[in-house]
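Using this note's numbering, read the sequence shown as starting at 11 and increasing by one per residue. Ideal placement from N, C-alpha and C gives every residue a C-beta, glycine not left out.
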Amino acid sequence: MTDFADLSRLTTDALRDLFEPTPLQRNDHLSQRYDAEIWLKREDLSPVRSYKLRGAFTAMRKVREQQPGQGHFVCASAGNHAQGVAYACRHFGVQGTIFMPVTTPQQKIDKTRMFGAQHVQIVLTGDYFDQTLTAAKAFCAEQAACFLSPFDDPDVILGQSSVAVEILDQLGSAPDIVILPVGGGGLSSGVTAYLREVAPQVSYRFVEPLGGASLAAALQAGKPETLREVNSFVDGAAVARIGENNFRMLSWVNPADVLKAPEDRICVTMIEMLNVEGIVLEPAGALSVDVLPELADQIRGKTVVCVTSGGNFDFERLPEVKERAQRFAGLKKYFILRMPQRPGALRDFLEMLGPEDDIARFEYLKKSARNFGSVLIGIETKRPENFTTLFGHLERAAFPYRDITNDGILSEFLI
């Protein structure tokens, strides 16, 4: 083994002071569906419900070995990295100051405080993460503390490589394919660096949220690029710019092996894994499973490991996830209907609905003309083809309508 592989093994051994290896589980449901051996590396079952603890612990351990007097660590995070740092601070008995955006959900603040206990101080500042990050780095410099990056740090990358060490130990042999979610690149660069040295036959697929494809952008440009816009729904992987160290270790990746997962489709996967398997995944944690349908022909008969990277899901978001899943599956639509202002018009519309159609929203918006009124309607149904029938009825009855389900601006404003 080379130096990196040796260090990965030592790093993994050191983690045993903190927690046992996360489970590697064969998933019968997915294996049968895709005629493959599908294994889930359950990072959602770590003590902080994500792999981030590995990198935070490793980086903190290395700093304390090199600078024994350093007892103050700082990070900026709204989620999993914050919880990993907090847990590591309590383990080492050091002080941690964790900067989080003002908009951070209370659940994440409370969990970070729980993991860190009296060793952690939480500072809420900034409406956006970039503002929070700037404040954290300025504070760190003033206090001569140590800043812990969530991904762009060699020791953090080394810590995440322990996922790969455990996979090989637990599986007993190298898998054919490993599917990795990508945000800033810490997990993917660490796992591939180890496996490429000790199991070069393994191939990889990388998954990014469609609204945060920073690795794809970097591969196209030949260097890290900052995305102009980022969809924050997949908050554990919605990163505007992949790390410099991370891209240096991932520059070999074939762009064809980087897949982009639509945010609404991820919701379908989250709901299915919850309902069928009882597995709670956050949006980023579902990425590796979400792309399996796209890879069906490539994985048939193969041994595949999907890294489910996190399960920190706030169930207050469940209605939103269900809504987005229904829209993507074609089972729920919103449209604006111009309804004639005459007796019996509403009854005529209701009679157009099929036995599987259910009204989820019905709201008069305004009277746009003397003889017509605009109505916002939401319909849920059992099968997507039911909407073809409904819209056919509307057109034959001369009821003008506009489908706004996928109109981002209108649906956000009206729904």
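Along the length of the region 99-157, whole alpha helix (DSSP H) runs at least 4 residues long occupy 116-126, 139-153, reported in chain order.
Secondary structure within the region 169-218: the beta strand (DSSP E) runs of 3 or more consecutive residues, fully enclosed, are 187-191 (chain order).
Residue pairing of ALA46 in beta bridges, as defined by DSSP: absent, with no partner found.
In chain order, LYS343, PHE345 place their CB closer than 7 Å to the CB of ASP413, counting only its own chain and leaving out the 5 sequence neighbours on each side.
Looking only at ASN381, LEU190, PRO33, the smallest Cα-Cα distance to GLN351 is reached by ASN381. Here the alpha carbons of PRO219 and ASP120 stand approximately 27 Å from one another. The region 220-250 contains, as complete alpha helix (DSSP H) runs of 4+ residues, the segments 224-231 (chain order).
Residue pairing from DSSP places TYR344 in a beta bridge opposite GLY388. Here TYR97 carries a helix assignment [DSSP, helix/strand/coil]. Within the same chain, PRO111, VAL112, THR142, ALA145 come within 7 Å of GLY136 by CB-CB distance, once the 5 residues on both sides are set aside. With contacts defined by Cβ atoms closer than 9 Å, PHE401 and GLY388 do not form a contacting pair. With 16 or more neighbouring CB atoms inside 10 Å of its own CB, VAL95 falls in the buried class. In the assembly as shown, ASN416 is an exposed residue. Its beta-carbon has fewer than 16 other beta-carbons within 10 Å. Taken through DSSP and simplified to helix, strand or coil, GLU254 comes out as helix. In this structure, GLY194 lies away from PHE243, with their beta-carbon atoms at least 9 Å apart. Scanning ARG52, SER60, ALA66, SER41 for the CA closest to the CA of THR21 turns up ALA66.
When the Cα atoms are used, ARG357 and LEU237 turn out to be separated by approximately 50 Å. Under the three-state reduction of DSSP output, ALA339 falls in the coil class, being neither helix nor strand.
Under the DSSP assignment, THR21 falls outside any beta strand (DSSP E), being part of the alpha helix (DSSP H) whose first and last residues are 13-25.
CA-to-CA, the gap between SER198 and ALA223 works out to about 14 Å. LEU284 places its beta carbon less than 9 Å from that of VAL290.
Contact between VAL133 and THR114 does not hold, since the beta-carbon distance rounds to 11 Å and is not under 8 Å. Here GLN93 is buried. Its C-beta has 16 or more other C-beta atoms within 10 Å.
The Cβ neighbour count for ARG258, taken over all protein chains shown within 10 Å, is under 16; the residue is labelled exposed. Counting every other CB atom within 10 Å of its CB across the protein chains shown gives ASN256 a total of 16 or more, marking it as buried. Straight across, the Cα-Cα distance linking VAL299 with VAL240 is about 22 Å. Partner residues in a beta bridge of MET280, as assigned by DSSP, do not exist. Assigned with DSSP and collapsed to three states, LEU28 falls in coil, not helix or strand. Of ALA46, LEU158, ILE187, the smallest CA-CA separation from ALA69 is found for LEU158. When the beta-carbon positions are compared, ARG71 and ALA24 come within less than 9 Å of each other. With contact defined as three or more Cβ pairs closer than 8 Å, the region 28-35 and the region 172-192 are in contact. In the DSSP assignment, VAL314 falls within the unbroken beta strand (DSSP E) covering 313-318. Nearest C-alpha to ASP27 among LEU63, ASP54, ASP140, SER384: LEU63. With contacts defined by Cβ atoms closer than 9 Å, ALA335 and ASP274 form a contacting pair. Rounded to the nearest angstrom, the gap between the Cα atoms of ARG123 and VAL130 is 7 Å. In the three-state DSSP reduction, SER261 falls in the coil class, being neither helix nor strand.
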